[in-house]
Structures are given as structure tokens and as C-alpha cells.
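Chains A and B are the protein sequences, given in the same order. Going by my numbering, the first sequence opens with residue 35, and the numbers climb by one from there. Going by my numbering, the second sequence opens with residue 58, and the numbers climb by one from there. Here a beta-carbon is modelled for each residue, glycine too, at the ideal position from N, C-alpha and C. Reviewing the structure listed below.
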Amino acid sequence: MSASELGRLAAQSGEVIDRTSPIRFNWNGNSLTGFKGDTIASALMANGERIVSRSMKYHRPRGYMTADFWDPNGFVQVGDDPNVRSGHRLIEDGMTIEPQNVWPSLDRDIKAANGLVGRFLSAGFYYKTFIKPQKLWPAYERVLSTFAPGGKVDLDTPHRYHDKRYTHPDVVVAGGGPAGMAAAAAAAEVGANVLLVEHEHQLGGHLLWGSDADRAVAAELANRVSAAGVEVLTNTTLTGRYEDNWVGIVQRSHPLAVERLIKARAKILVVAPGLIERPYVFAGNDKPGVMLSGAVRRLVNMYGVKPGARAVVFTANAEGDAAAADLDRVGIDVARVVDARNGENVVSASGSSKSVKSVKLGDGSEVEADLLVTATGWTAPTSLLNMAGDRPVYDEGSARFYPSVTVDNVLSTGGISGDGSVDELVAHGEATGQLAAGRASVVKHRVQALTARSVPVAGPEPEWTADFRPELGRDDHPELFRSTTHGIVDFSEDVGSKDLVAAAKEGYDSVELLKRYTTATMGPAQGKLETVNTVAVLAEARGETIEQVGTTVWRPPYVPITLGGLAGRNFEPVRVSSIQPWHEANGVTPIIAGAWIRPEHYGNPADEVNNTRTNVGITDVTPLGKLDLQGPDVPKLLSQLYTNKWMKLPIGSVRYGLMCAEDGVVLDDGVTGRLGEEHYLMTTTSSGAASIWEWAENWLQTEHPEWQVHVTPVTTGYTSINVAGPKSRELVGRLVDDVDLSAEAFDYMRVRTGTVAGVENCIMWRIGFTGELSFELHVPSGYGLHVWETLMAEGADLGVKPFGLEAQRIMRLEKGHFIVGQDTDGLTQAPAVGMNALIKLDKEDFAGKAELAWAMESDQVPHVVAIQTVDPTIVPGEACQILKGTTNEIVGRITSSRMSPTLNRSVCLGQVDTAHAEAGTELTVLLRNGQRIKANVMSHHAHFDPEGERLRG
Amino acid sequence: MLLVPCPNCGPRNSSDLHYVGEAQARPNPSEATPTEWREYLYMEDNPAGWLRENWYCRSGCRQFFTLERHTGSNEFRNPPMPGNKVGGKA
């Protein structure tokens with residue numbers, strides 16, 4: 035029989051394709067035509083294409099088996115999009131579709147030779163064969179990776195738009211079959227806000243490929259859903275249920291976004307995914323032409339596709355019978371109906387590599403056929419219930435698993451809960467919807483009652499409704515998993531029943547171990563098709579029942595999610611100072627620092643350093659954390675947070691402080707100034723702005739609620755500008771009239787408030803991170819750009835130039851100022867940074883006091899020291915190790931290093947152990963290229979102006 | 058994602074809050090022995106059952122508070138009023 039036995043049927047009453055809208059697409063280099071509404075699968079089969087891929091391990095030719103989202107054989111490359119599910123994706127004009135995993139071609143695949151040596155490719159083959167010798171693994175890997183399945187990723191693919199949405203519906207219904215639609219409509223009709231999510235392209239579930247009467251019910255329910263105001267999302271999958279009904283939903287049908295990730299907080303979740311048909315295990319069960327009854331019914335009734343010319347139908351249920359009737363109705367020769375309920379069986383399918391040709395039956399007879407339809411039962415996709423804590427229980431009589439544990443806020447309905455006529459399913463769905471709406475109103479009431487700041491909740495809490503639903507029945511179904519022969523169990527991973535039996539014999543006889551060892555159920559189908567057969571084969575191998583073996587736990591996601599979908603739209607805010615427009619207009623090279631974008635330099639950092647040291651430079655330090663502290667007990671708070679003393683800081687003074695966590699590790703540092711009787715301004719490191727605020731609140735709210743202090747974060751309220759250099763006083767003087775800037779009236783470590791460039795309420799303090807005479811101006815942010823531009827204009831004749839973060843970092847390193855987190859790490863306790871004078875153990879309490887007392891007695895703490903290389907031209911990279919003499923013993927590391935434009939030599943800070951911390955100690959530094967160089971520990975942290983004459987000027 | 062009942066803001070996603078840790082009293086740092094202090098710093102009871110723990114409503118009211126949570130079921134009980142004294146460990 036030839037491929038032309040496939041094709042398009044005459045119009046069917048339930049078809050979803052539009053025969054008046056032809057669509058041209060490209061398959062494997064050939065131009066083909068389908069209709070609007072066709073999936074890739076239906077369009078290919080209508081064009082006579084039976085083979086669409088090759089299996090992962092043995093490279094056996096494969097055709098469609100389920101012809102829907104779960105089809106394990108239908109992964110294709112669409113344009114630059116790999117691993118597209120062709121049973122689900124609709125065709126579009128001009129679409130280019132290529133088969134995957136078929137090197138060198140679909141028809142002639144040299145790796146099919148794997149099939150000949152299949153018995154050597156058993157479970158664990160790769161582990162067992164290539165594990166030794168280990169050093170050869172990279173060579174093996176290169177060869178094996180060309181065999182790996184999957185499509186091609188094009189790194190030049192343009193970014194596409196993905197989106198995110200957050201929503202808080204009362205009820206989310208997963209599944210738009212008869213029960214799901216009825217549940218959604220019933221819940222909405224009594225006032226619940228309902229979101230109905232349907233995996234497929236249309237609402238209706240299995241009614242869509244049923245009778246005309248079935249479709250009439252589906253249409254009526256869809257109208258009811260719409261009239262009740264339910265929000266319906268089709269081609270959308272609920273992928274996971276997490277704590278407190280936080281659910282993830284992937285919408286593939288958004289008009290603008292390729293995919294939209296919806297995060298919903300459902301008060302009640304209704305799980306109604308229906309059932310997934312299970313394949314049968316027998317020899318040749320993966321030959322093209324072996325299909326499930328649901329696939330055949332979908333293809334015939336929804337897409338008008340002829341799936342073969344002569345069929346054998348193996349049926350154990352009404353769906354199988356209906357498939358035989360459908361085939362007969364459209365004129366396909368049904369050569370034999372094999373009824374499992376009468377003990378009849380299918381033993382094997384044989385034929386060419388391209389198609390089934392004959393089917394061997396249990397009675398020994400052989401029937402010629404190019405289509406073998408199996409209807410051997412269903413798998414209940416209990417994934418979402420598993421995620422809510424349910425462990426499904428097997429029922430022998432109906433040959434499938436059922437949910438066992440009821441979680442209050444998750445309800446199930448439809449096929450997953452039991453069997454019934456369409457009317458019974460609808461009735462069960464309606465009851466579920468009413469129950470869900472009732473419970474949702476209780477949850478809503480509780481949320482509102484728990485929210486102190488909300489409008490007081492009206493009335494008493496509604497009563498929590500007990501489950502009043504009549505139970506759905508369970509139809510008898512023969513247990514059919516494997517025939518008398520062995521076949522494929524996991525089609526996407528190419529794992530056969532023989533492999534499972536062998537693995538069980540090797541000792542992998544627990545279902546969770548078996549799964550990981552053989553990879554059965556771990557492929558793209560994720561167990562939807564093969565879990566129950568895997569469990570059944572294992573039970574047979576162990577001589578036990580399915581109930582005894584149990585099943586694997588289904589975890590999120592229900593379907594794979596693309597990384598683009600997970601990333602969604604970027605919600606991360608970007609922070610810039612009010613001066614950013616000026617920076618951008620003046621050639622800034624920006625740097626990303628946490629949430630901030632700030633100037634790194636304006637061309638040449640070394641020139642910026644030289645100009646600041648010679649004339650005057652200005653830099654934008656707005657990200658510096660700033661906390662406004664007010665109240666009578668601020669000194670107590672400061673004493674608690676910092677290691678040094680704060681009870682007597684005079685008004686108008688600024689003091690440096692070091693903060694430690696309770697383990698004595700340096701947490702932050704900065705200066706705090708006293709602006710008024712009960713008014714202070716604290717600065718923190720840029721990266722510590724948020725965490726130090728929380729740290730201060732923690733002490734105020736928990737240990738010392740009696741202290742009267744109000745903390746206000748003002749980091750972005752002020753634009754901060756540091757004016758540094760020998761001419762800084764002259765420059766600032768040109769902008770300030772109401773503050774005496776002379777060295778006598780406003781000396782080092784003092785703070786003043788005044789008017790700068792006409793802007794009132796500016797705070798200025800004299801500090802010196804750069805080591806130069808400097809004034810730090812904190813200007814109300816609305817005027818930041820104005821003050822900056824005035825400084826640039828007024829200072830033109832003084833040689834004022836901006837400098838960026840890099841110049842600032844060079845200058846601080848020249849001065850030996852450490853940076854928390856750069857020169858200290860998560861283990862660096864305060865005694866390491868050489869400021870023991872700032873650790874006041876005679877204070878009654880401060881954060882970290884206990885540990886610091888012990889650390890100061892210890893000789894085990896590392897020390898931060900200034901280091902200079904003997905060869906001044908070598909700048910060791912940051913994090914280079916410091917070794918003991920000629921040994922490989924690590925005694926420290928370089929933490930900061932730069933070429934100093936001021937000293938014309940390299941300067942470093944580093945951490946060394948106590949034995950190497952003494953001034954004058956010769957160190958060995960291991961460079962990244964492996965070279966060892968000599969360096970010396972300096973007597974002072976400052977490489978430049980250790981006496982501080984410049985900054986005090 | 059866990060819903061945490063902030064006493065001010067009502068149930069909020071746990072990502073809106075900062076989990077501070079188990080509620081423990083802070084020893085006097087001038088008197089504690091190293092063993093006592095490090096017990097406080099590093100040791101948690103981590104019971105399978107009811108646990109008193111501290112939370113900080115970082116993205117909402119910015120209050121610290123103590124809640125009782127069942128570590129098995131993630132159920133909360135006795136939501137307290139804000140301002141209760143709780144341990145200060147960060």
C-alpha cells in the first residue's frame with residue numbers, strides 16, 4: 035500500500051477546518067497545501083505524509099500515534115523554533131516545517147542501524163559502556179551528541195515578545211470539556227469570577243470528535259459559559275499548582291505575545307483535564323500506521339483526514355467501537371474488529387519501515403492492514419492533583435488511577451473523577467462549579483477579614499460547604515497494558531518493555547528508580563502516555579499488582595514551558611539620578627550597579643583622577659544610601675547599629691561608623707551627621723541602602739520598641755554630588771552664600787545646611803573618600819541637575835571636570851579606603867579591617883558585640899592590608915592568591931588592585947593571615963598566568979597622603 | 058507560593074515579605090557564653106509541626122511580626138497584632 039492511501043475525506047459535519055481558506059506551507063522542502071484550522075499533523079496526513087520523525091535512540095521511522103499535543107512522534111522544527119508539537123500547532127501561510135532527528139534525511143537514516151544492534155542499546159547502555167576510562171568521555175560525548183535528538187537552535191533568532199499577567203480569580207477551571215465548561219458556567223452563574231483554561235484550540239473536549247448530538251451539547255455549554263461572563267482562554271495550559279492555589283498558566287493564544295505566563299491566585303481550583311488515551315504494548319506498536327482510537331476519531335471527524343485504507347480495530351471500550359464505526363462510515367475498509375472484551379488480542383504488527391502491512395492476532399490469524407487502531411483504556415492525568423498533595427490510587431475494575439485525597443481548595447470533575455454519560459458529566463461539573471463558588475466566597479471573606487486595612491468585611495463568614503456532589507460511576511474496563519509480545523512503552527524516550535524488565539532484574543525495581551534508570555516517562559510526553567504501562571510492566575516483572583507497585587509523582591510543569599515564556603516581560607525597574615540626562619549628553623560610559631545605572635567614566639578614568647587631584651572634580655554619588663533619622667533616641671539607635679560611640683556627637687558634626695551583623699562580620703559602613711537637636715542623616719553603602727533600612731527597623735521594632743526614632747529613606751530624595759580637589763572650596767564658594775566654608779568655620783567631618791546655587795535646604799558635609807579636600811552636597815532631587823550644571827559652568831576656569839565610579843575607586847584605593855563586600859567578604863569580622871579603635875566593647879550593647887569581643891582576642895582573623903608589588907608596573911588581578919614563600923599554601927588574596935595615576939605604580943589592598951600582616955612582610959603573589967611575583971605589606975592602608983593633609987586642608 | 062497573613066496588609070505572597078527566622082530571644086551579648094551565643098545565631102529547632110517564626114513585610118507595611126506556622130501543612134494560626142516584641146536576628 036502506498037502513502038496515497040492517506041488523504042482528505044469529503045466534508046464532515048464536525049470538522050473544524052475551513053475548506054474555503056487554503057494555506058500553503060513547506061514540509062521537508064516540498065510545498066504543500068492545507069486548510070485554515072488544520073494542525074501540522076492533520077495537514078501532513080491529508081497530504082499523504084505518514085512518516086514525520088525518527089525515534090530518539092533506534093532512529094526508527096515514526097508516524098502519528100495520538101495526533102494531538104501529546105503525540106511522542108510528531109516533534110518538528112518550525113522555522114527557527116525547535117521541538118514544536120505538530121499534533122497541536124496550527125499551520126500558517128508560508129510556514130517552513132522540517133523533520134527533526136533524521137540526519138541525514140527522513141527517508142534514509144543511517145542511524146537506524148542502531149535498531150539492528152538494539153539489544154546492545156538497553157537501559158543504562160551509555161552509562162555502562164562509556165563510563166570507563168573516564169578521560170575518554172569528552173571524545174565519546176562529541177560523537178554521541180550528534181545522535182542527540184532535538185531541533186536546531188538559531189542563536190541569531192530575533193527576540194520575540196513574551197508577556198506576564200497576574201490575576202486573582204475566585205475560581206480557575208483547568209479543562210474545557212463538558213464537565214469543565216459546566217463547572218465554569220455554574221460557578222459564574224452564582225456570581226463567582228471565573229477563568230476557564232483550555233489546552234486545545236476549541237472548547238468541547240472529547241465531544242468535538244463525537245456525534246452531532248455531542249457537539250450540540252458542547253455548543254450549548256460554550257454559549258452558557260460565554261453568557262455567564264466566564265473569561266475563556268483556549269490554547270492555554272495550566273502548568274502547575276503551588277502553595278495556596280498559586281497557579282501558573284501558559285497562554286499560547288495571545289494576539290501580541292508569543293507566549294504569556296499568567297500567575298493566578300485561585301481561591302478554588304477546579305481540575306477537569308479529562309482522560310488521555312493509553313497506547314498498547316506489543317511488537318511493532320511504534321510502526322507508522324498504529325494509532326489510538328482518539329487520534330483516528332479526531333482526524334476523521336474534526337479534520338476530515340483519511341488515516342489509512344484498510345484498518346484493524348482493537349477495541350476494549352465504546353470509544354474503540356465508535357472509531358470502527360467512524361472508519362466504516364467514511365468508507366475505510368475495516369478488515370477486522372478485534373474485541374478485547376471477548377478475550378481477543380493483537381500480538382504484533384509487521385510491515386515495511388514506512389508502514390504497517392499486516393497485523394497478527396491472538397488466534398494466530400494475520401490480517402492485512404495499513405492502519406491498526408487500538409482502544410485499550412485511559413490514563414487519568416492527575417498531575418495537578420499530585421501537586422496539591424494527592425497520591426492517586428489504582429482501581430482494578432476500571433483499569434486506571436483515581437484521585438484519593440481531597441484538598442479543600444482543589445476540586446476535580448469530569449473523566450479524572452469517574453465515568454458517566456454526557457449528561458452525568460455535565461451534572462457533576464455543575465455541582466462542582468456551585469461547590470467551588472460557595473467555597474470561594476468563604477475564602478474571599480477570610481482574606482478580607484484578615485486584612486486590617488481593608489474595608490470591614492460585611493456580615494458573618496459564609497458556611498464552608500461540605501462536598502455534596504454525587505459520585506461519578508466507574509465503568510468496567512479490561513486491564514490491557516501489554517500483549518504477549520514486547521514493544522515500546524515510552525515512545526519519546528524509545529524505552530521498550532524488555533528494557534524495563536531487564537532493569538527490574540538488575541535491581542531497579544522501585545518505580546521511581548526504574549524511571550530514572552531507564553528514562554521511561556522522562557521524555558517530552560512526561561508520562562501522560564506511558565506511566566501506567568511502565569507501572570504495569572514493572573508489576574508484571576515483580577509478580578505484583580499495580581496497586582502494590584504504585585505510581586510516580588507528577589510534578590510541575592504539566593507541559594514544558596519555553597524559557598522565553600518563563601522570563602516573560604522584564605519588570606525590573608532601573609534607577610538613575612536626576613543628573614542622568616547630562617551624563618548621557620556628555621559621553622558617559624555607564625555601569626550597572628544593582629538597580630542603578632551610574633557613570634563609570636567619561637572617557638579616561640586616569641585623566642579624571644589627575645584632574646581631581648590637581649584642580650577639582652565632581653561626581654554623582656546619588657546611589658549612596660541615605661536614611662533620615664529623627665527623634666530623641668537616635669543616638670541610642672546609632673550606638674546599637676555602629677561599633678563605635680554616638681551618644682555625644684555634636685550638632686554640625688559628622689562621624690564615620692562601622693556596622694557589624696550579630697556574627698561580627700562587617701555589614702556596612704558610612705558616615706552619619708547630626709543636623710539638629712533630634713535630626714540626623716545616615717549614609718550607607720549604595721548596595722546596603724535597602725538592607726540597612728530593614729536592619730534599623732528590626733532593632734527599633736523588635737528589641738527596642740520603646741525608642742522614639744522615625745526612619746525615612748531619602749536615598750532618591752536627594753541628589754548627591756561630591757566636589758573634590760584642591761579647588762573644591764573655591765568652586766563650592768561660588769555657589770553658596772549663607773554658609774562660611776573657610777577651614778576654620780567648616781572643618782573636616784562637619785556638616786552644614788544651606789543654600790546651593792539658589793536651592794534651599796541642601797546638606798553639605800566635609801568628608802574625603804577620595805582623599806582630597808571635598809564637599810559632599812545633598813541637594814533636593816528636583817534641583818540636582820541644576821546644581822550640577824551650575825558647578826560645571828561656574829568651575830570652568832578652575833578646570834572642573836566630572837569623574838565617574840572608576841576614578842573614584844582608584845582614588846579610594848590610593849587612599850586605602852576599603853569597600854565593604856569588595857575588600858571584605860561574608861566572613862570578614864571587624865578586627866580584620868584595622869579599625870579596632872572603632873570597636874567599643876565598653877558599650878553596654880551593640881550589634882555584633884559578643885562575637886567581636888572574642889574575635890579581638892583571636893589571632894585567627896585575617897587582616898586587610900595595603901600591598902605594593904616590587905615591580906611597580908605589574909597590577910595583579912583582583913582575587914589573585916597570596917602564597918606562603920615558594921609553597922602552594924594560600925595565606926591570602928588581592929582584594930583590590932589598580933594602576934595609580936597619582937603614584938605611577940600599582941597599588942593593592944589584600945587580605946592576609948596574621949603571620950603575614952606585619953608591615954614590611956614580603957609576600958608572594960600568584961598571577962593569573964601562573965607567574966609568582968614579590969610584593970610588600972605597607973605600614974599604612976593609604977598609599978597616598980597617609981597623614982591626610984590634603985583632605986583636612 | 059505561600060500566602061503569609063500580614064497583620065496589617067492581609068494575606069500576601071511570601072515574596073513580598075522577608076523570612077527573618079525562628080523566633081528566639083536574644084541573649085545578653087555581654088554575658089552570653091560563646092556556646093549560648095552561637096546557639097542563638099546558628100541553631101534552629103526546625104520542628105515538624107508548629108513553629109513561631111518572624112517575618113518582615115518588606116513590600117507592604119514594613120512591620121516585623123511573629124506568626125505561628127505548621128511546617129507540615131503551612132497553615133498559620135493566631136495571627137498577632139503588629140508591634141509584638143519578637144527576636145531581632147537578621
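Determine the DSSP secondary structure at residue i, reduced to helix, strand or coil.
i, result
"Q664 (chain A)", "strand"
"Q582 (chain A)", "helix"
"H820 (chain A)", "helix"
"P504 (chain A)", "coil"
"L701 (chain A)", "strand"
"A629 (chain A)", "coil"
"I74 (chain A)", "helix"
"L469 (chain A)", "helix"
"R846 (chain A)", "helix"
"W727 (chain A)", "helix"
"P747 (chain A)", "strand"
"V364 (chain A)", "coil"
Measure from the C-beta of residue i to each C-beta in chain A and report whether the shortest distance is under 8 Å.
i, result
"R119 (chain B)", "yes"
"N103 (chain B)", "no"
"R126 (chain B)", "no"
"R83 (chain B)", "yes"
Decide if residue i is buried, meaning its Cβ has at least 16 other Cβ atoms within 10 Å, or exposed.
i, result
"V206 (chain A)", "buried"
"R286 (chain A)", "buried"
"G759 (chain A)", "buried"
"Y99 (chain B)", "exposed"
"A173 (chain A)", "exposed"
"Q965 (chain A)", "exposed"
"W888 (chain A)", "exposed"
"Q468 (chain A)", "buried"
"F154 (chain A)", "Unreliable placement is indicated for F154 (chain A), whose pLDDT of 48 sits below 50; the coordinate value is still reported in the next sentence. Result: exposed."
"Y752 (chain A)", "buried"
"K169 (chain A)", "exposed"
"M693 (chain A)", "buried"
"R53 (chain A)", "exposed"
Cβ closer than 7 Å: which chain A residues qualify as neighbours of residue i?
i, result
"P86 (chain B)", "D879, K883, A884"
"L98 (chain B)", "E696, D697"
"A89 (chain B)", "A884"
Can you pull the chain B neighbours of residue i, defined as C-beta to C-beta under 7 Å?
i, result
"Q735 (chain A)", "Q120, F121"
"E581 (chain A)", "Here the premise fails: no neighbours, minimum Cβ distance about 26 Å."
Residue i versus chain B: which residues are under 8 Å apart at the beta carbon?
i, result
"V481 (chain A)", "G67, P68"
"E810 (chain A)", "Within chain B, no residue comes near E810 (chain A); the closest Cβ sits about 28 Å away, beyond 8 Å."
"E891 (chain A)", "What E891 (chain A) touches in chain B: nothing, since even the nearest Cβ is about 11 Å away."
Taking CB distances under 8 Å as the criterion, tell me whether residue i reaches chain B.
i, result
"Y676 (chain A)", "no"
"H744 (chain A)", "no"
"W680 (chain A)", "no"
"E740 (chain A)", "no"
"W888 (chain A)", "yes"
"E606 (chain A)", "no"
"E495 (chain A)", "no"
"E728 (chain A)", "yes"
Note down, in chain order, every chain D residue with its Cβ under 7 Å from the Cβ of residue i.
i, result
"T485 (chain A)", "You won't find chain D in this structure, because its protein chains are A and B."
At a CB-CB cut-off below 9 Å, which residues of chain B make contact with residue i?
i, result
"Y276 (chain A)", "M58, L59"
"W280 (chain A)", "M58, L59, L60, N70"
Find the residues of chain A that neighbour residue i, judging by a C-beta separation of less than 8 Å, and give them in chain order.
i, result
"W94 (chain B)", "A884, E885"
The segment 312 to 326 of chain A touching the segment 418 to 427 of chain A, judged by at least three CB pairs closer than 8 Å: no
Touching by the beta-carbon criterion (3+ pairs, under 8 Å), the segment 430 to 438 of chain A and the segment 198 to 214 of chain A: no
At least three beta-carbon pairs within less than 8 Å, the segment 675 to 688 of chain A to the segment 845 to 854 of chain A: no
Touch test, the segment 381 to 400 of chain A against the segment 332 to 339 of chain A, Cβ-Cβ under 8 Å, three pairs minimum: No contact exists between the segment 381 to 400 of chain A and the segment 332 to 339 of chain A.
Three CB pairs or more closer than 8 Å across the segment 785 to 799 of chain A and the segment 734 to 747 of chain A: no
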